[in-house]
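Q:
Number of protein chains: 2
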Amino acid sequence: MANHFFNKRNVDFLLYEVHDAESLTKHTRFADHTKETFDMTIDAATQIADNLMFPFVKDVDKNQPELKDGQVTVHPAIKDYLKALGESGIIGADFDYEDGGAQMPVTITSILGYILMAANNGMMFTGLTAGAARLIASFGSQELKDTYIPNMISGKWQGTMCLTEPQAGSSLSDITSTAEPLEDGTYKIRGQKVFISAGDHDAADNIIHLFLGRIKGAPLGTKGISLFVIPKFRLDGTDNDVTSMGIYHKLGQKGVPAMHLGFGDKNDDCIGYLVGEPNKGLNYMFQMMNEARIGVGITGASIASAAYYASLEYAKERPQSRRLNQKHALDAPQIPIIQHPDVKRMLLFQKAVVEGSLSLLLETSKFFDLSEASDDPEEKENAHLMLELLTPIAKTFPCEYGMKATSDAVQCFGGYGFTEDFPVEQYYRDIRITPIYEGTTGIQSQDLLGRKVPMAGGKATMLLTKEVGKTVMAALQFDELKRYALLLKDEGERLQKVTMHLLSIAGTGDVERFLSDATLYMEMFSLNVVAWQWLKQAVVAKQKLITSNDDTEFYESKIHTMKYFFHYEIPKTQGLATRLMDEEVLTIMTEKEIVM
Amino acid sequence: MANHFFNKRNVDFLLYEVHDAESLTKHTRFADHTKETFDMTIDAATQIADNLMFPFVKDVDKNQPELKDGQVTVHPAIKDYLKALGESGIIGADFDYEDGGAQMPVTITSILGYILMAANNGMMFTGLTAGAARLIASFGSQELKDTYIPNMISGKWQGTMCLTEPQAGSSLSDITSTAEPLEDGTYKIRGQKVFISAGDHDAADNIIHLFLGRIKGAPLGTKGISLFVIPKFRLDGTDNDVTSMGIYHKLGQKGVPAMHLGFGDKNDDCIGYLVGEPNKGLNYMFQMMNEARIGVGITGASIASAAYYASLEYAKERPQSRRLNQKHALDAPQIPIIQHPDVKRMLLFQKAVVEGSLSLLLETSKFFDLSEASDDPEEKENAHLMLELLTPIAKTFPCEYGMKATSDAVQCFGGYGFTEDFPVEQYYRDIRITPIYEGTTGIQSQDLLGRKVPMAGGKATMLLTKEVGKTVMAALQFDELKRYALLLKDEGERLQKVTMHLLSIAGTGDVERFLSDATLYMEMFSLNVVAWQWLKQAVVAKQKLITSNDDTEFYESKIHTMKYFFHYEIPKTQGLATRLMDEEVLTIMTEKEIVM
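So the sequences go chain by chain: E and V.
Using our numbering, the letters of the first sequence map in sequence onto residues 1 to 596.
Using our numbering, the letters of the second sequence map in sequence onto residues 1001 to 1596.
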């Protein structure tokens, strides 16, 4: 059943053959782990995905949560899934031993997330809990840790992230929720938060909100924001005055309630507990942002994966028409549509996006692990820079290109794709939120160009160039790959030229113009990085084909898909570079505004 | 209210200033018409759109048709809209006087369709009826005409097109429905049809199916297909054995029931009436295809239009964050998001797609009118060639780029765009079907490259080059437009080079390879054609700005959007050309198949 939404062979290839996840076990933090412990965890996740998640894809979508009399009811299957994931230890698998975790590398937990979300992305509850618990584990007092983490990672309590406010949206500096210090060291909270995923539901015994607000008298802007833990129920079981003011009905991911919450709205009696120091809340949040963003990238890749395998299966079975060179053989049987070049192209696009994204996400996850836990200080520092650079891309590409891929999955089904008889219409809806979650594509792109590329004097981009160079060198060893190695080198130079041009605008101090087309820069940069991931996969495939007769078809398909990416996707960088080097300013407000 | 989904000023500009719809009235067929008769009809449609359609957008989507006990119930608002449109004479407005029409140019009825579909594309019933009635008007006997057309164009009876069968999909040569001649000249029909839009519902007194089937003993393939009229109820009111076997629940356009119908399934007693001659059914259908395809293009442009105006309004009102150059002025008020370059870019993209598509659809519609009714035989013949060439593009670009535009509308709303609190999530769902309706994008693209470009020894493409040349010459008169005129010329040459290359592959007889990337060729060709439409609009705007002080902002916005299209969209042709000139074959089946 697993192959309905992911391919285990591909997971093994990416994890062990391309990204050598096993090598992580030589570092102290992961020393207890082996390939066997990784595989056991992956198998456990696969079983939950197969048995408790995938069978409910449609049902969870069809029976969305409702808010009645202040209570949110979710699909009954959610409770079983939470229990199973809690018992399996997956929710907090990457946490420290002392926080109840298994010190599993994020490289592995990213794959767990991929399998679970590909099975049923409408069951997105545990990733949220893990993110919230991780904030407590990283910055909270021992008391907060002891109080909240065990029940969260066991799946009994739900965690949330309460950032967005109605008047502020993505502009976190405009947050106005307040926290008033009380004598006992706790805080009285007032404020409203919107779009809080899993912000309330009946499958958890308590909801633990990680909440951004301002302590009275704090400085304006982002420097005056603090982080609080706010439980729905206090430890003595009494109500903590968190009100479900509304539930959003959504285009997709309908299984997860998105809540409008009021804090202290009923009785002005909502108590919060400060995490870490005052006014450092956004700082803490940003330190957790990389994992959250990788998580959204995983979700994009997962949904595109489920759509890809559904359309692939259909295209192999659905007969229609004849090959174009045999159009007039009217009595010949119809052929499966995968044999039509236009359908094959759409399937190759999906495969290239799904497997390219997943490879990038694992690369990024591995840098995460090394940045946290490498025993070699230099490797650790470099990994941190690479993580910072790759994260906005690993968040954006799987979501943006994943949307296109999912749309192509619908197209492969023709009219049937538009109906509820097949799952792809749902995936098409579900994935639409991913370029908005955790910083929109516009925000990720400004982060990439405005912060990550220039940081540390451009050191991260130099490290990336070096990493890509290694892959180019390895590819040059194989005649069949030479052409692509040289292409990737040229593309790197094209990107560098564009980067220099944009940085020269930054040098004038005109930040607005510097960043005005950051989203196009993101696309160009992403295509480069994913091409690198594909060449990397092709090098490994080539090595395997030479040394063994096993899995020949699998490896050949990898090389073929790499070629697809270079021949069909990489040419897009030409037009992007043209625009990015272009001096004409059309989107920036001037005194004489264009009326639309 | 109208500006919530379209802009009347823009309609007037395109219709009268750019495409000179009034000039059509010099031809005999349209001689009774004047700008006043056009405007009166447009006003009538606008009133219906404003009062009977737009107010029900969400409600029609939320209360989708259901099939119960063999009966299909649609939203009660459908009946009022059908009645109003029937009474207004809009359904058959372009029909001959003798068939009850007003001999209105299709250039005008396309605008009516745009306004109506932009108001509420889930009320897509009358376009279907008009298409079906038009087949009877064009090829049916006087008896069939008298029997069916009056009740159809008055909105009392619904018309449908019954082409697709479960086992054949887009492959019409594989249709297997049968028609057995009876002694009285009628036919006994057996077969099943799927995806029949408005195939049954309770807002019409009768449903008139235009049906493709094979008379027993007819030749294989497309040459053995005949066209029949099959009413749900016979003239004496008795049941004609057409069964609603199922209703599809869909991603979007939920107001229109998509039916699975059985003919003769209950009692083997379904009677059909032959339209025209036997075995010419597909021929007839194809002769009506241009209008149907323009109609789908209109639907794409309409949905994108409604999404654009919704997101534009939101972007003007929603405050968030500060300009990037003033990021640190924390106490400054937040600015409307339209002032952020990334949002402005997404709005300009939508505007460029919506207004560029509409201009192309009017250009194509005008060629339709001239091909039908020009008093000048040479103009008539040339118009026919232009119509044939432009139709697949006018069907595809507004739908494919319209999908992207609608997705950008969602993005402009951020998280709110994903919720049912705003209309864009619905438009995002609705528009997804348009690249599938009436021949998928893949099929349109094969039509463009495989049939239309080579037809008549390439005469159509030469005519197009000449038309574009006229616009280029006009644009060269204005300093500000010179650059874009030259760009368009260069783009035309790039396209020609690609075309020559592809035709040289066709010359080898390898049709499959020739057409394997037709979809990419379509995108490249479309970008050229829409750039032409934008330059054409800019030329008119420039002329108006010189001669008058009225509407300065409107015309300047047109020139600005033209620039957007040339600076942001046209560069995409570079990568497309690279791929289309590339020799590497990756999507065609070979003996050693790539396993996916």
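Cβ coordinates follow ideal geometry from the N, Cα and C atoms, glycine included.
On a predicted model such as this, the values are computed, not experimentally measured, just so you know.
Distance cutoff 8 Å, beta carbons only. Does methionine 596/E sit that close to anything in chain V?
A: The count along the first sequence starts at 1 and reaches residue 596/E at position 596. So, interface residue.
Q: Based on the DSSP secondary-structure assignment, which residues constitute the bridge partners of histidine 1004/V?
A: Position 4 of the second sequence, counted from the first residue, corresponds to residue 1004/V. The partner list for histidine 1004/V (beta bridge, DSSP) is empty, contrary to what the question assumes.
Q: Considering only the beta carbon of each residue, do glycine 627/E and threonine 434/E sit closer than 8 Å?
A: Residue coverage of chain E in this structure runs from 1 to 596, which leaves residue 627/E outside it and unanswerable.
Q: Mind checking if phenylalanine 1013/V is an interface residue toward chain E, Cβ cutoff 8 Å exclusive?
A: Translated into positions along the second sequence, residue 1013/V becomes position 13. Taking Cβ atoms only, chain E never reaches closer than 8 Å to phenylalanine 1013/V, which makes this a no.
Q: Which stretch, first to last residue, makes up the alpha helix (DSSP H) that contains isoleucine 1505/V?
A: For the purposes of this step, residue 1505/V is taken as the residue at position 505 of the second sequence. Note, isoleucine 1505/V: alpha helix (DSSP H), 1479-1507.
Q: For the candidate residues Leu312/E, Ala49/E, Leu212/E and Ala383/E, whose alpha-carbon lies nearest to that of lysine 223/E?
A: Residue 223/E sits at position 223 when you count from the first residue of the first sequence. Checking every option, the nearest Cα to that of lysine 223/E belongs to Leu212/E.
Q: So the candidates are Gly575/E, Gly122/E and Glu98/E; which of them puts its Cα closest to the Cα of glycine 252/E?
A: Taking the first sequence and counting its residues from 1, one reaches residue 252/E at position 252. Ranking the options by Cα distance to glycine 252/E, first place goes to Gly122/E.
Q: Thinking just about the alpha-carbon of each residue, which of Gly469/E, Met288/E and Ser197/E is nearest to the one in alanine 258/E?
A: For the purposes of this step, residue 258/E is taken as the residue at position 258 of the first sequence. Among Gly469/E, Met288/E and Ser197/E, the Cα nearest to that of alanine 258/E is on Ser197/E.
Q: If you run the structure through DSSP and keep just helix, strand and coil, what is valine 1194/V?
A: Indexing the second sequence from 1 puts residue 1194/V at position 194. Note: valine 1194/V maps to strand in three-state DSSP.
Q: Under 8 Å, Cβ to Cβ, is there at least one residue of chain E near methionine 1589/V?
A: Walking along the second sequence from the start, residue 1589/V turns up at place 589. True, the Cβ-Cβ gap to chain E drops below 8 Å.
Q: Could you confirm whether any beta carbon from chain V is found closer than 8 Å to the beta carbon of valine 511/E?
A: Position 511 of the first sequence, counted from the start, is the residue given in the question as residue 511/E. Yes, because at least one Cβ of chain V sits closer than 8 Å to the Cβ of valine 511/E.
Q: Could you check what DSSP says for threonine 1587/V in three-state terms: helix, strand or coil?
A: Against the second sequence, residue 1587/V aligns to sequence position 587. Residue state, collapsed to three classes: coil.
Q: Go ahead and pull the three-state DSSP assignment for serine 1154/V.
A: Working through the second sequence from its first residue, we reach residue 1154/V at position 154. Residue state, collapsed to three classes: coil.
Q: Under 8 Å Cβ-Cβ, which residues of chain E neighbour tyrosine 1081/V?
A: Taking the first residue of the second sequence as position 1, residue 1081/V is located at position 81. The premise fails here: tyrosine 1081/V is roughly 23 Å from chain E at the closest Cβ pair, so nothing lies under 8 Å.
Q: For valine 18/E, I'd like the list of residues in its chain whose CB is within less than 7 Å of its CB, leaving aside the five on either flank, ordered along the chain.
A: Translated into the one-based positions of the first sequence, residue 18/E becomes position 18. Within the same chain, valine 18/E has close Cβ partners Ser359, Lys536, Gln537 and Val540.
Q: Run through the segment 183-258 of chain E for me and flag every whole beta strand (DSSP E) of 3 or more residues, listed as ranges in chain order.
A: Taking only runs of at least 3 residues, the beta strand (DSSP E) segments lying wholly in the segment 183-258 of chain E are 187-197, 206-215, 226-231 and 242-248.
Q: Just curious, the beta strand (DSSP E) that leucine 389/E is in, first and last residue?
A: By 1-based counting over the first sequence, the position of residue 389/E is 389. Per DSSP, leucine 389/E belongs to no beta strand (DSSP E); it is in the alpha helix (DSSP H), 377-413.
Q: Can you tell me which of the three DSSP states lysine 79/E falls into?
A: Here residue 79/E is taken as the residue at index 79 of the first sequence, counted from 1. It is helical.
Q: Decide if valine 194/E is buried, meaning its Cβ has at least 16 other Cβ atoms within 10 Å, or exposed.
A: Here residue 194/E refers to the residue found at position 194 of the first sequence. Valine 194/E comes out buried.
Q: Checking contacts by CB at 8 Å: is glutamine 537/E closer than that to chain V?
A: Indexing the first sequence from 1 puts residue 537/E at position 537. Cβ-Cβ to chain V under 8 Å: no for glutamine 537/E.
Q: If we count Cβ pairs, one from each stretch, closer than 8 Å, do we get three or more for the segment 20-32 of chain E versus the segment 551-559 of chain E?
A: Touching, no, given that fewer than three Cβ pairs across the two stretches are closer than 8 Å.
Q: Helix, strand or coil for tyrosine 437/E? Go by DSSP, reduced to three states.
A: Working through the first sequence from its first residue, we reach residue 437/E at position 437. Looking at tyrosine 437/E - three-state DSSP - the assignment turns out to be coil, as it is neither helix nor strand.
Q: So with Cβ pairs under 8 Å, would you call tyrosine 248/E a contact of chain V?
A: Working through the first sequence from its first residue, we reach residue 248/E at position 248. It does: the Cβ of tyrosine 248/E has a partner Cβ on chain V nearer than 8 Å.
Q: Tell me the DSSP bridge mates of valine 1424/V?
A: By 1-based counting over the second sequence, the position of residue 1424/V is 424. Paired residues: none, contrary to the question.
Q: Can you give the Cα-Cα distance for glycine 1414/V and tyrosine 1308/V, rounded to whole angstroms?
A: If you number the second sequence from 1, residue 1414/V lands on position 414. If you number the second sequence from 1, residue 1308/V lands on position 308. Rounded to whole angstroms, glycine 1414/V to tyrosine 1308/V spans 14 Å at the Cα level.
Q: Less than 8 Å between CB atoms is the rule here; does serine 504/E satisfy it with respect to chain V?
A: Taking the first sequence and counting its residues from 1, the one referred to as residue 504/E is at position 504. Taking Cβ atoms only, chain V never reaches closer than 8 Å to serine 504/E, which makes this a no.
Q: Check for me: the beta strand (DSSP E) holding alanine 179/E runs from which residue to which?
A: Against the first sequence, residue 179/E aligns to sequence position 179. Looking at the DSSP string, the run of the beta strand (DSSP E) that includes alanine 179/E is 178-181.
Q: Buried or exposed for threonine 1441/V, going by 16 or more other Cβ atoms inside 10 Å?
A: Position 441 of the second sequence, counted from the start, is the residue given in the question as residue 1441/V. Counting Cβ neighbours within 10 Å, threonine 1441/V comes out buried, since at least 16 surround it.
Q: Taking CB distances under 8 Å as the criterion, tell me whether proline 257/E reaches chain V.
A: Locating residue 257/E in the first sequence gives position 257, counting from the first residue. So, not an interface residue.
Q: So for phenylalanine 263/E, helix, strand or coil by DSSP?
A: Working through the first sequence from its first residue, we reach residue 263/E at position 263. Phenylalanine 263/E: strand per DSSP, three-state reduction.
Q: I'd like to know whether the C-beta of threonine 1178/V is nearer than 8 Å to at least one C-beta of chain E.
A: Residue 1178/V sits at position 178 when you count from the first residue of the second sequence. Chain E contact via Cβ: absent.
Q: For proline 392/E, collect the residues of the same chain with a Cβ closer than 6 Å to its Cβ; drop the 5 residues on either side in sequence, then sort them by chain order.
A: In the first sequence, the residue the question calls residue 392/E occupies position 392. Answer for proline 392/E: Gln444, Asp447 and Leu448, listed in chain order.
Q: What does proline 1435/V reach in chain E if we use C-beta pairs closer than 7 Å?
A: In the second sequence, the residue the question calls residue 1435/V occupies position 435. Residues of chain E passing the Cβ test: Gln411.
Q: If you measure from the beta carbon of serine 197/E to each beta carbon in chain V, is any gap under 8 Å?
A: Counting from one through the first sequence, the residue named residue 197/E turns up at place 197. Not one chain V Cβ lies under 8 Å of serine 197/E.
Q: Just mark valine 1595/V as buried or exposed, buried being the case when its beta carbon has 16 or more other beta carbons within 10 Å.
A: As a working note, residue 1595/V is residue 595 in the second sequence. Exposed, because fewer than 16 other Cβ atoms sit within 10 Å of the Cβ of valine 1595/V.
Q: Compare the C-beta of phenylalanine 565/E against all C-beta atoms of chain V and say whether one is closer than 8 Å.
A: On the first sequence, residue 565/E is found 565 positions in, with the first residue counted as 1. It does not; no Cβ of chain V falls within 8 Å.
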